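One structure is given below, encoded as structure tokens.
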Amino acid sequence: MRAAIEAFDVGADVALLSKIHPVRSHSGAAEGGINAALGNASEDDPEKHAFDTVKGSDYLGDQDAIEILCDEAPGDVYQLEHWGAVFSRTEDGRIAQRPFGAAGEPRTAYAADITGHVLVHVLYEQVMKREIPAYEEWFAWKLIEEDGRCQGVIAWDILNGGVKAIGAKTVILATGGAGRLYTGTTNAYACTGDGMTLALRLGVPLKDMEMMQFHPTTLSPTGVLITEGCRGEGAYLLNGDGERFLTRYAPNAMELASRDVISRAEQTEIDEGRGVDGNVLLDLRHLGAEKIIERLHGTRELSMVFAGVDPIYEPIPVRPGAHYHMGGVETDLWGKTELDGLYASGECACVSVHGANRLGGNALMETITYGKRSGAAAAEWALGHTTVTVPESAVADAEREIRTLLDRRDGERPHAIRDEMASTMHENFGVFRREDQMRRQGEIVEALRERNKRVVVDDKGSVFNNDVTQALELGFLLELAACMVEAGIARKESRGAHARPYDFPERDDESYMKHTIVRWRDGRPELDWAPVRMTKWEPMERTY
Amino acid sequence: MDVALKIWRSNPETGERELKRYEVEAPEWACLLDVLDIIKDQVDGTLAYRKSCRMMICGSCGMRMDGRAILACKERMAPIVERGHVPVIAPMGNLPVIKDLAVDMSPFWSKIRAVKPWVDTGYAEYPEREFVVGQEEMDPIHKEALCIMCGCCVSECNSMESDPEFLGPAALAKGFRTVGDPRDGATIERLQMLNSEHGIWDCTRCYFCNERCPKGVDPRDAIAKLGAESVKEGIDGDMGAKHAKWFIRSAETTGWLRETELVPKTQGVVSALKETKFALSLLRRGKVPIPVPPHVADKVHEARLLREVVHAQGRLGAAGHVQGEKALAKLDHHLADDDGEEAQ
Chain A
295 MRAAIEAFDV GADVALLSKI HPVRSHSGAA EGGINAALGN ASEDDPEKHA
345 FDTVKGSDYL GDQDAIEILC DEAPGDVYQL EHWGAVFSRT EDGRIAQRPF
395 GAAGEPRTAY AADITGHVLV HVLYEQVMKR EIPAYEEWFA WKLIEEDGRC
445 QGVIAWDILN GGVKAIGAKT VILATGGAGR LYTGTTNAYA CTGDGMTLAL
495 RLGVPLKDME MMQFHPTTLS PTGVLITEGC RGEGAYLLNG DGERFLTRYA
545 PNAMELASRD VISRAEQTEI DEGRGVDGNV LLDLRHLGAE KIIERLHGTR
595 ELSMVFAGVD PIYEPIPVRP GAHYHMGGVE TDLWGKTELD GLYASGECAC
645 VSVHGANRLG GNALMETITY GKRSGAAAAE WALGHTTVTV PESAVADAER
695 EIRTLLDRRD GERPHAIRDE MASTMHENFG VFRREDQMRR QGEIVEALRE
745 RNKRVVVDDK GSVFNNDVTQ ALELGFLLEL AACMVEAGIA RKESRGAHAR
795 PYDFPERDDE SYMKHTIVRW RDGRPELDWA PVRMTKWEPM ERTY
Chain B
249 MDVALKIWRS NPETGERELK RYEVEAPEWA CLLDVLDIIK DQVDGTLAYR
299 KSCRMMICGS CGMRMDGRAI LACKERMAPI VERGHVPVIA PMGNLPVIKD
349 LAVDMSPFWS KIRAVKPWVD TGYAEYPERE FVVGQEEMDP IHKEALCIMC
399 GCCVSECNSM ESDPEFLGPA ALAKGFRTVG DPRDGATIER LQMLNSEHGI
449 WDCTRCYFCN ERCPKGVDPR DAIAKLGAES VKEGIDGDMG AKHAKWFIRS
499 AETTGWLRET ELVPKTQGVV SALKETKFAL SLLRRGKVPI PVPPHVADKV
549 HEARLLREVV HAQGRLGAAG HVQGEKALAK LDHHLADDDG EEAQ
């Protein structure tokens with residue numbers, strides 16, 4: 295939506311296309327906040343923000359991209375506020391900011407624990423104000439490539455059925471993450487990596503796909519997100535013995551160490567038998583009822599509804615869960631991909647500002663700053679070109695393909711493949727990774743992809759057939775899984791979210807301070823490397 | 249656990265509509281949405297419903313359970329199963345059904361758009377930094393800002409059932425979201441629009457929207473706050489506004505509702521005269537007291553005190569500004585209910 299608003303304001307003719315209504319987007323589930331060096335709670339500046347982000351990325355983030363993010367962040371947050379975002383306030387009426395993991399200053403601007411919700415709605419308000427048309431519940435299934443340019447999208451109309459083609463001079467992918475690759479995930483059902491696979495299928499490269507962030511506090515048993523804001527407000531993490539175990543892993547930053555560090559610590563405690571039924575405990579009790587109700591109301595509600603635990607009186611059972619894909623479609627500093635006319639921003643893109651580990655509060659900021667930049671760049675490109683060609687064969691081919699799927703009567707339905715993919719990814723490509731497990735996972739994914747070629751959908755109808763779109767989503771996910779495994783095996787070191795304690799426990803800047811690049815060639819992922827762009831920060835040892 | 253439920257299935261392509269019973273095995277922690285997923289996976293892939301976040305924030309999975317609007321991801325099944333109850337699942341009300349549990353939300357969104365739901369600062373140039381606004385000035389719109397646009401309130405709205413043109417609780421709550429925002433500069437225009445036909449005074453105050461909102465937004469309270477703001481700004485031409493004004497005046501002067509005066513004050517003298525015959529017959533049958541001299545309640549000061557209390561609450565309203573606290577209170581209540589039934 296941020297990209298659409300910018301493109302509209304630059305003067306382009308814009309439409310949004312989304313498989314769910316725009317306000318249902320999963321950015322709305324982001325709770326804790328958005329990072330910008332406003333300096334409302336302490337002396338802060340963009341350079342400090344940039345350093346924290348570079349260090350947090352385990353030196354895999356591209357430093358030019360990070361500097362742009364941190365420099366433009368304050369202005370972009372003010373703009374959101376002027377558009378009407380309901381931020382929490384300081385005593386003197388400024389935007390309130392709270393401490394967040396691995397940040398040197400209290401930099402995370404927030405709206406209680408519903409920051410993402412507030413921002414998604416304020417963006418949609420701006421979309422309504424501009425009367426930007428939205429194709430709601432249109433499922434983007436293929437990109438149209440013609441004359442070496444991306445020239446539109448082929449979509450399945452969920453409400454009415456049927457394959458529809460929309461020609462466009464430029465397409466911006468903003469489809470979010472792919473957390474549904476895993477059993478335990480904070481991600482919505484909609485997070486199936488669609489945009490990444492759409493780009494991949496046109497030969498556009500994906501970057502750093504092995505970097506899947508595991509969030510340290512996902513609620514047991516369902517995996518919904520418990521915000522880092524809890525720890526920002528002072529919550530403790532305890533093991534089964536009631537010990538604040540982070541004293542042994544991150545003695546300085548403790549609960550506010552970076553996410554990869556805490557997730558590994560938790561997983562170690564759980565694996566070594568110091569957990570509580572496969573969880574650790576997030577203790578908010580000492581914060582007091584008033585603070586919990588005022589600033590962490592949503593967290594309390596989630597714990598009460600989904601775990602039957604009221605955090606005012608009991609600690610919350612939490613564990614690491616798949617949360618955020620640092621990797622994604624490779625783009626330049628304006629969101630442009632390798633293919634003319636195709637842009638990407640937000641979680642589905644990899645600029646890269648998060649490198650091997652994202653800091654809490656930087657994801658919302660990236661969607662805004664790089665959404666804006668890609669919107670501006672795409673609009674400029676579109677205004678400079680006049681023709682759009684949608685070859686009839688593209689639509690005919692898509693129709694034939696969907697017909698084949700719908701007409702198939704004998705075979706397996708997709709859900710078993712989906713569940714097997716998600717549980718094996720969790721098992722073999724989770725917080726800790728072993729060479730043999732990753733290789734096995736490669737074979738499993740290969741076999742699942744074979745099975746997926748012959749799946750059958752139950753619903754043969756046209757109206758609101760999401761049985762068919764869910765089958766197509768599974769295809770997206772399986773290709774991404776193959777890319778992740780390929781990149782994970784190749785990176786023979788431990789960096790950020792990619793932890794190989796059994797064979798390569800250290801970071802190896804000599805050989806691996808570089809991005810993995812994956813392209814799709816002849817039905818399988820092909821690996822390459824790209825250098826990290828550095829500006830002023832030399833790699834240092836990373837401790838918290 | 250073994251879960252049984254009945255779902256209203258409807259297929260627009262065949263025109264069939266039927267209440268079908270399903271029985272599946274589900275984990276103890278399952279919510280209604282998880283059970284629907286199991287049915288779609290294992291029993292019937294054609295079952296249509298919306299879902300996304302499964303954490304009560306995206307607003308996709310509004311539907312009805314036993315006749316009341318809910319979010320499917322929020323309703324835990326275990327207490328229902330323990331009771332041996334077989335709930336009936338149906339699509340939301342007041343919106344056209346597309347298929348099974350999926351409704352057409354376009355009438356919902358057109359009403360949201362009708363209230364121009366964006367903050368309009370009226371500034372050509374924005375200040376370099378943020379607007380400086382105290383938390384206490386922002387507090388009155390916190391509950392309205394919580395709205396996830398799921399449509400549960402609209403589903404339950406009694407006024408909308410008889411007047412589909414009524415703006416409805418979600419759009420009006422959104423209306424207060426901007427009217428109550430100290431940064432907004434279009435208050436008067438907004439209030440005038442919200443006071444027109446199908447606006448705030450068409451609400452019948454049944455409180456179903458407050459009762460069923462899964463997020464504690466309390467749309468009816470927002471409508472009341474819009475009424476108060478309108479009267480305060482002198483936008484009180486609607487009969488509803490006049491009625492409300494006289495109601496308060498009557499209660500604080502005598503502690504009683506003086507019906508004989510209420511009608512002319514609300515409808516105007518001419519219109520009230522037409523009701524004379526009806527009024528006289530009410531009087532004859534002792535349904536209304538003789539209007540003169542006005543009867544003053546013994547403890548009229550209590551009525552006045554009540555007025556003062558409400559006045560002092562201002563925009564925050566009785567529930568206070570803590571976001572969604574009432575929704576949680578309801579949750580507690582809900583659990584207590586289940587326990588109560590178990591004890592029996």
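Just so you know, the sequences run in chain order A and B. Numbered by this note's numbering, the letters in the first sequence go through residues 295 to 838 in order. Numbered by this note's numbering, the letters in the second sequence go through residues 249 to 592 in order. Idealized CB from N, CA, C, for every residue including glycine. Quantities reported herein were computed from a predicted structural model and do not represent experimental measurements.
Name, please, each residue of chain B whose Cβ falls closer than 7 Å to the Cβ of A/Pro515.
Trp277, listed in chain order.
Quick one: using the 10 Å Cβ neighbour count with 16 as the cut-off for buried, is A/Gly305 buried or exposed?
A/Gly305 is exposed by the Cβ-count criterion.
Against chain B, which members of the region 476 to 492 of chain A pass a CB distance test of less than 7 Å?
Cβ contacts with chain B come from Ala482, Tyr483 and Ala484.
Quick check: A/Ile520 and A/Leu576, are their CB atoms within less than 9 Å of each other?
Yes. Within cutoff.
If the criterion is Cβ atoms closer than 9 Å, does the pair A/Thr469 and A/Cys642 meet it?
Against a cut-off of 9 Å, the Cβ pair of A/Cys642 and A/Thr469 comes out as a contact.
Which value, in whole angstroms, describes the spacing of the CA atoms of B/Val329 and B/Asn458?
Looking at the two C-alpha atoms, the distance is approximately 27 Å.
According to DSSP, is B/His569 part of a helix, a strand, or is it coil?
Unreliable placement is indicated for B/His569, whose pLDDT of 43 sits below 50; the coordinate value is still reported in the next sentence. Coil at B/His569, not helix or strand.
When burial is assigned at 16 or more other CB atoms within 10 Å of the CB, is B/Cys461 buried or exposed?
B/Cys461 comes out buried.
Would you report the Cα separation of A/Asp339 and A/Ile328, rounded to the nearest angstrom?
Distance between the alpha carbons of A/Asp339 and A/Ile328: 15 Å.
Counting Cβ pairs closer than 8 Å, one from the region 662 to 681 of chain A and one from the region 724 to 733 of chain A, do we hit at least three?
Output reads no: the region 724 to 733 of chain A does not touch the region 662 to 681 of chain A.
Verify whether the separation of the beta carbon atoms of A/Ser312 and A/Trp450 is less than 9 Å.
Contact flag unset, no.
Using 10 angstroms around the beta-carbon of A/Ser805, count the other beta-carbons present and answer buried if the total reaches 16, otherwise exposed.
Exposed is the call here.
Below 8 Å on the Cβ atoms is my contact criterion, and I expect A/Arg579 with A/Leu550 to pass it. Report the Cβ-Cβ distance as a whole number of Å.
With a Cβ gap of about 18 Å, A/Arg579 and A/Leu550 do not count as contacting.
Just by C-beta distance, which residues in the region 358 to 370 of chain B are closer than 7 Å to chain A?
Here the close residues are Arg361, Pro365, Trp366, Val367 and Thr369.
A/Pro316 to A/Ala791, Cα distance in whole Å?
If I take the Cα positions, the gap works out to 30 Å.
Just to confirm the assignment, what range does the beta strand (DSSP E) spanning A/Gln445 have?
Arg443 to Asp451 is the extent of the beta strand (DSSP E) around A/Gln445.
DSSP puts A/Phe600 in a beta bridge; with which residues?
None, per the DSSP bridge assignment.
Once you ignore the five residues that flank A/Ala405 on each side, which residues in its own chain have a CB closer than 6 Å to its CB?
Around A/Ala405: Val380, Phe381, Ser382 and Val412.
Of the choices A/Glu773, A/Asp802, A/Gly442 and A/Leu772, whose alpha-carbon is the least far from that of A/Lys786?
Here the closest residue by C-alpha is A/Asp802.
Please tell me whether A/Arg794 and A/Val749 are closer than 9 Å, where the distance is taken between their beta carbons.
For A/Arg794 and A/Val749, no; Cβs fall outside 9 Å.
Which one or two residues does DSSP pair with B/Val336 in a beta bridge?
Answer is B/Lys254, bridged to B/Val336.
Pop quiz: A/Tyr637 and A/Ser668 are said to be a contact at Cβ under 8 Å. What is the actual Cβ separation, rounded to whole angstroms?
Yes, they are in contact, since the Cβ atoms of A/Tyr637 and A/Ser668 sit about 4 Å apart, within 8 Å.
Starting from A/Ile362, follow the beta strand (DSSP E) in both directions and report where the run begins and ends.
Premise fails: A/Ile362 lies in the alpha helix (DSSP H), Gln357 to Trp377, not in any beta strand (DSSP E).
Have a look at A/Gly455, A/Ala397 and A/Tyr353 and flag the residue whose alpha-carbon is nearest the alpha-carbon of A/Leu700.
Among A/Gly455, A/Ala397 and A/Tyr353, the Cα nearest to that of A/Leu700 is on A/Gly455.
Grouping DSSP H, G and I as helix and E and B as strand, with all else coil, what is A/Lys808?
Reduced to three states, the DSSP call for A/Lys808 is strand.
Chain A partners of B/Lys322, CB-CB under 7 Å?
Within chain A, the residues near B/Lys322 are Val599.
A/Ile466 and A/Lys458 - do their beta-carbons sit closer together than 9 Å?
Contact: no.
Give the residues of chain B in contact with A/Leu389, contact being defined as C-beta atoms less than 7 Å apart.
According to the sequence displayed, residue 389 of chain A carries Ile and not Leu. Per Cβ cutoff of 7 Å: Glu378.
From the DSSP output, read off the bridge partner residues of A/Ser312.
Per DSSP, A/Glu430.
Going by DSSP, which residues form a beta bridge with A/Tyr637?
Paired residues: A/Ile466 and A/Lys630.
The alpha helix (DSSP H) with A/Tyr418 in it runs from where to where?
Unbroken alpha helix (DSSP H) run through A/Tyr418: Thr409 to Lys423.
Which same chain residues end up closer than 7 Å to A/His679 when comparing Cβ atoms and leaving out the 5 residues on each side of it in sequence?
If we look at A/His679 and ignore the five residues flanking it on each side, its Cβ neighbours are Lys463.
When you compare the CB of B/Asn458 with every CB in chain A, is at least one pair closer than 9 Å?
Closer than 9 Å: no.
Extract the residue ranges of the beta strand (DSSP E) inside the region 280 to 320 of chain B, only unbroken runs of 3 or more that lie entirely within it.
Qualifying beta strand (DSSP E) stretches, in chain order: 310 to 313 and 316 to 319.
Decide if the region 287 to 307 of chain B is in contact with the region 481 to 495 of chain A; the criterion is three or more beta carbon pairs, one per stretch, under 8 Å apart.
Segments in contact, yes.
Relative to the alpha-carbon of B/Gly307, which residue among B/Val363, B/Ala434, B/Ala350 and B/Arg425 has its alpha-carbon at the smallest distance?
Per the Cα distances, B/Ala350.
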